[in-house]
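K.L.:
If you read the sequence shown in my numbering, its first letter stands for residue 38, the second for the next number, and so on. Glycine included, every Cβ here is placed at the ideal spot set by N, Cα and C. This structure is in structure tokens; I'll ask about it shortly.
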Amino acid sequence: MLVVDTAVVTRDWSRVGKARTSSRDLEITGTPAPGSSFGSELFLVYDEPFPPNSDNLEPGSRYAHNRTVLTAIDDGTYAVTERLKTGDDEHDELPIAFAPSAPPRAGVLVDAIHEWGERVLNSWPEMLPDAALDVLRRVPPRGGIVTAHTTIENITQTLLGLDHSYVAVQGPPGTGKTYTGSKVIVDLVRNHGWKVGVVAQSHAAVENMLQGIIDAGLEPGLVGKKARDDREVAWSTDVEAVMASEGFVVGGTAWTFANRTRMPLHALDLLVVDEAGQYSLANTIAAAGAAERLLLLGDPQQLPQVSQGQHPEPVDVSALGWLSAGHDVLPAEFGYFLDTSWRMHPAVCAPVSRMSYEGKLTSHPSDRYLDGVEPGLHPQPVEHSGNSTSSPEEADAVVALVRRHLGARWSAGGSARPLGQRDIIVVAPYNAQVELLREALGTAGFEEVPVGTVDKFQGQEAAVAIVSLAASSAFEVPRGLEFLLLANRLNVAISRAQWAAYLVYSPALTEYLPTTVAGLAQLSAFIELVES
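This is the structure:
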């Protein structure tokens, strides 16, 4: 994250308020690594001579701890409060670097998985009637699937007929996954008195679904989630009061639903796993005990789980990815495939459908039109060399594309207006390129154009999407060409576009022979994408 240039103690070791241990304040300047993102917590890294009580270090390693709070950042100066452990001695040593904070502890998730495993074992040799076990065994939902068409009514009827089992719904970009899920949940709560939970990898994803449920017509007083901050929200933050209702919806992360003191075993009729294409099997099992049934909503052809630990395979595979088992489209015996994109023009949808959905994703007609711009995917080769995570040459090409499109007549929803900066999305795989693009666009007067990584833009859309891959060749790609050319990542980036998508890339990326079958298939798909 950052290499320290200077560190000054602005308050020496002392106890503040009712604190049991001493702390001190540091004022630090330094050089952030490209793409660094600072939260309130971080690790402070020390070189020799280490602070006292830094025992049990591996040979050659440095001492680090995360008993810190980053309180302010002002013009490249970082204010940090550092505290001691109980029993540690005060010291004068100063840190040499910041490193990212630790991930949240697994805690109750481990306990919940262990409890589930015991119930499975105790039922043996009979198979426990259990939704998570059905997913793990890849057996079709017990109770059957209403399969005439993929409709909200049929998904609802399938859920009502489940016997302690699950149903999966794969929703490619722009197919209305949140809309469909929200309508199903509102019907189950309002007309059948169901108690429903919504879980996802992030609070933001959960809250997006809760907002969708309220927009679909459920009373805000029947929707609950604990407050994260002081923001005003549409739902109730008094979860206990919400759960006293006959039917309700509550949201949270896996830690909420795996905690048996908060959520007893099978307290809910249904647990909805949103973005189940990113949600690991392990977390699915941990959270699933809170409900009798599971609804897996998501798309394994979009981004994999954003933050991952090191696990024995296959527990880090997503729940939907596990069910799909190598198929681009969810097998019909496991649930439903939403096959119509309401976002993309058919010319944008077609390459996305070929690359990621076996050609089965189609586009719904619309009245959108961008004057003077051909709809579809437009590869934009840019020659450059020596670039790994940022490319000035591609940044210049992106600025030129933005300039070319601004002001074009954009028709949508029965009205027309000039295309504005907010009608264009610029996407890059690396934070370093995102920063460079923001700087280049800002210098050109286009500071309102949204720029971000693919992860940040999942679920968003714009008339025009511009994708910049940044790396010059396979030999300069950090994390490997597999990361950069991952079909899931390209799928999400390109499918942000309603009318036209531009793929800015170095032609040298294709001058490489992968050493694996999977890598060769991936490169082949990319070549087809840019040369078709």
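#1: Residues in the same chain with beta-carbon distance under 6 Å from A323, minus the five sequence neighbours each way, listed in chain order, please.
#2: Figure out for me which residue from A545, S561, S425 has the closest Cα to the Cα of V514.
#3: Who does W447 pair with in a DSSP beta bridge?
#4: Report, in whole angstroms, the separation of the C-beta atoms of V491 and V529, which I expect to be a contact under 8 Å.
#5: Under 8 Å: do the segment 326-342 and the segment 296-308 share three or more Cβ pairs, one atom per stretch?
#6: So, using beta-carbon positions, are M381 and S273 closer together than 8 Å?
#7: Exposed or buried, A242, counting other C-beta atoms within 10 Å across all chains shown (16 or more means buried)?
#8: Could you have a look at G211 and say whether DSSP puts it in helix, strand or coil?
#9: With a 10 Å radius around its C-beta and 16 neighbouring C-beta atoms as the bar for buried, classify S317 as buried or exposed.
#10: Would you report the Cα separation of R265 and E484, rounded to the nearest angstrom?
#11: In three-state DSSP terms, what is G154?
#12: Under the assumption that P178 contacts S378 (Cβ atoms under 8 Å), give the Cβ distance between them as a whole number of angstroms.
#13: Can you tell me the Cα-Cα spacing of N525 and Q339, whole angstroms?
#14: CB S510 to CB A469, shorter than 8 Å?
#15: Applying the criterion that 16 or more other CB atoms from any shown protein chain within 10 Å of the CB defines a buried residue, is M164 buried or exposed?
#16: Please classify S361 as buried or exposed, where buried requires at least 16 other C-beta atoms within 10 Å of its C-beta.
#17: Using CA atoms only, rank isn't needed, just tell me which of E277, L523, V286 is closest to T298.
#18: Could you tell me the alpha carbon to alpha carbon distance between P257 and I251, rounded to whole angstroms?
#19: Does DSSP put K232 in a helix, in a strand, or in coil?
#20: What would DSSP say about G261, mapped onto helix, strand or coil?
#21: I need the boundaries of the alpha helix (DSSP H) containing S393, first residue and last residue.
#22: What are the partner residues of Q417, as DSSP defines its beta bridges?
#23: Could you compute how far the alpha carbon of A555 sits from the alpha carbon of G363?
#24: Please report the straight-line C-alpha distance between N18 and G358, rounded to a whole angstrom.
#25: Who does Y83 pair with in a DSSP beta bridge?
#26: Looking at Y467: is its Cβ nearer than 8 Å to the Cβ of A507?
#27: If we count the other Cβ atoms within 10 Å of its Cβ and call it buried at 16 or more, is G372 buried or exposed?
#28: For A499, count neighbouring C-beta atoms within 10 Å of its own C-beta (all shown protein chains included) and say buried if the count is 16 or more, exposed if not.
#29: Is the beta carbon of T118 sitting closer than 8 Å to the one on D167?
#30: Using DSSP with H/G/I as helix, E/B as strand and the rest coil, what is T195?
#31: Tell me whether V287 sits in a helix, a strand or coil according to DSSP, three-state version.
#32: Please classify W536 as buried or exposed, where buried requires at least 16 neighbouring CB atoms within 10 angstroms.
#33: Tell me which residue opens and which closes the alpha helix (DSSP H) that D433 is part of.
#34: What first and last residue would you give for the alpha helix (DSSP H) that runs through E568?
#35: Which residues in the same chain have their Cβ closer than 8 Å to the Cβ of M392, if we skip the five residues on either side of it in sequence?
#36: Whole angstroms are fine: how far does the CA of L170 sit from the CA of W153?
P.N.:
Reading it off the structure:
#1: Here residue 323 is taken as the residue at index 286 of the sequence shown, counted from 1. Excluding sequence neighbours, A323 sits near L146, A149, I150, A291, A295.
#2: For this step, residue 514 is matched to residue 477 along the sequence shown. For V514, the nearest C-alpha among the options comes from S425.
#3: Residue 447 sits at position 410 when you count from the first residue of the sequence shown. Answer is L407, R454.
#4: Stepping through the sequence shown from its first residue, residue 491 is reached at position 454. Stepping through the sequence shown from its first residue, residue 529 is reached at position 492. About 5 Å; that satisfies the 8 Å criterion.
#5: At 8 Å Cβ cutoff, the stretches touch.
#6: Mapped onto the sequence shown, residue 381 falls at position 344. Mapped onto the sequence shown, residue 273 falls at position 236. Judged by their CB atoms, M381 and S273 are not nearer to each other than the 8 Å cut-off.
#7: Sequence index remark: in the sequence shown, residue 242 carries index 205 (1-based). Buried, since its Cβ has 16 or more Cβ neighbours within 10 Å.
#8: Mapped onto the sequence shown, residue 211 falls at position 174. In this structure, G211 counts as coil in the three-state DSSP scheme.
#9: For the purposes of this step, residue 317 is taken as residue 280 along the sequence shown, with counting starting at 1. It is buried - the Cβ of S317 has at least 16 other Cβ atoms within 10 Å.
#10: Translated into the one-based positions of the sequence shown, residue 265 becomes position 228. Translated into the one-based positions of the sequence shown, residue 484 becomes position 447. So the two alpha carbons sit approximately 30 Å from each other.
#11: Locating residue 154 in the sequence shown gives position 117, counting from the first residue. Three-state DSSP puts G154 in a helix.
#12: Looking up residue 178 in the sequence shown gives position 141. Looking up residue 378 in the sequence shown gives position 341. Going by Cβ atoms, the distance from P178 to S378 rounds to 26 Å, so no, they are not a contact pair.
#13: Taking the sequence shown and counting its residues from 1, the one referred to as residue 525 is at position 488. Taking the sequence shown and counting its residues from 1, the one referred to as residue 339 is at position 302. As the crow flies, the alpha-carbon of N525 is around 5 Å from that of Q339.
#14: Here residue 510 refers to the residue found at position 473 of the sequence shown. Here residue 469 refers to the residue found at position 432 of the sequence shown. With respect to the 8 Å criterion, S510 and A469 are not classified as neighbours on the basis of their beta carbons.
#15: Start at 1 with the first residue of the sequence shown, and residue 164 comes out as number 127. Classification of M164: exposed, given that the 10 Å Cβ count is below 16.
#16: On the sequence shown, residue 361 is found 324 positions in, with the first residue counted as 1. Burial of S361 is indicated by the presence of at least 16 other C-beta atoms within 10 angstroms of its C-beta.
#17: The residue labelled residue 298 in the question sits at position 261 within the sequence shown. Checking every option, the nearest Cα to that of T298 belongs to E277.
#18: Taking the first residue of the sequence shown as 1, we reach residue 257 at position 220. Taking the first residue of the sequence shown as 1, we reach residue 251 at position 214. Rounded to the nearest angstrom, the two C-alpha atoms are 6 Å apart.
#19: Counting from 1 along the sequence shown, the entry for residue 232 is found at position 195. In the structure shown, the three-state DSSP call for K232 is strand.
#20: Here residue 261 refers to the residue found at position 224 of the sequence shown. G261 falls in the strand class under three-state DSSP.
#21: Locating residue 393 in the sequence shown gives position 356, where the first residue counts as 1. Run containing S393: 383-393, per the alpha helix (DSSP H) assignment.
#22: Stepping through the sequence shown from its first residue, residue 417 is reached at position 380. Note: Q417 sits in a beta bridge opposite V541.
#23: Stepping through the sequence shown from its first residue, residue 555 is reached at position 518. Stepping through the sequence shown from its first residue, residue 363 is reached at position 326. Those two C-alpha atoms are separated by around 12 Å.
#24: Residue 18 cannot be examined here, being either before or after the span of the chain that is shown, 38 to 569.
#25: As a first step, residue 83 is located in the sequence shown; it is residue number 46 there, counting from the start. Y83 is bridged to Y100.
#26: Along the sequence shown, read from residue 1 onward, the residue named residue 467 stands at position 430. Along the sequence shown, read from residue 1 onward, the residue named residue 507 stands at position 470. The answer is yes: Cβ separation under 8 Å.
#27: By 1-based counting over the sequence shown, the position of residue 372 is 335. Buried, since its Cβ has 16 or more Cβ neighbours within 10 Å.
#28: Position 462 of the sequence shown, counting from 1, holds the residue named residue 499. Counting C-beta atoms within 10 angstroms of its own C-beta, A499 has 16 or more neighbours from the protein chains shown and is therefore classed as buried.
#29: Within the sequence shown, the letter at position 81 stands for residue 118. Within the sequence shown, the letter at position 130 stands for residue 167. Not a contact, by the Cβ cut-off of 8 Å.
#30: One-based indexing of the sequence shown puts residue 195 at position 158. Here DSSP, grouped into helix, strand and coil, assigns T195 to helix.
#31: As a working note, residue 287 is residue 250 in the sequence shown. V287 falls in the strand class under three-state DSSP.
#32: Numbered from its first residue, the sequence shown carries residue 536 at position 499. Buried, because 16 or more other Cβ atoms sit within 10 Å of the Cβ of W536.
#33: Within the sequence shown, numbered from 1, the residue matching residue 433 stands at position 396. For D433, the enclosing alpha helix (DSSP H) begins and ends at 429-442.
#34: The residue given as residue 568 occupies position 531 in the sequence shown. Looking at the DSSP string, the run of the alpha helix (DSSP H) that includes E568 is 554-568.
#35: For this step, residue 392 is matched to residue 355 along the sequence shown. If you ignore the 5 residues before and after M392, its C-beta comes within less than 8 Å of the C-beta of A524, L527, N528, A562, E565, L566, all in its own chain and listed in chain order.
#36: Indexing the sequence shown from 1 puts residue 153 at position 116. Indexing the sequence shown from 1 puts residue 170 at position 133. Looking at the two C-alpha atoms, the distance is approximately 9 Å.
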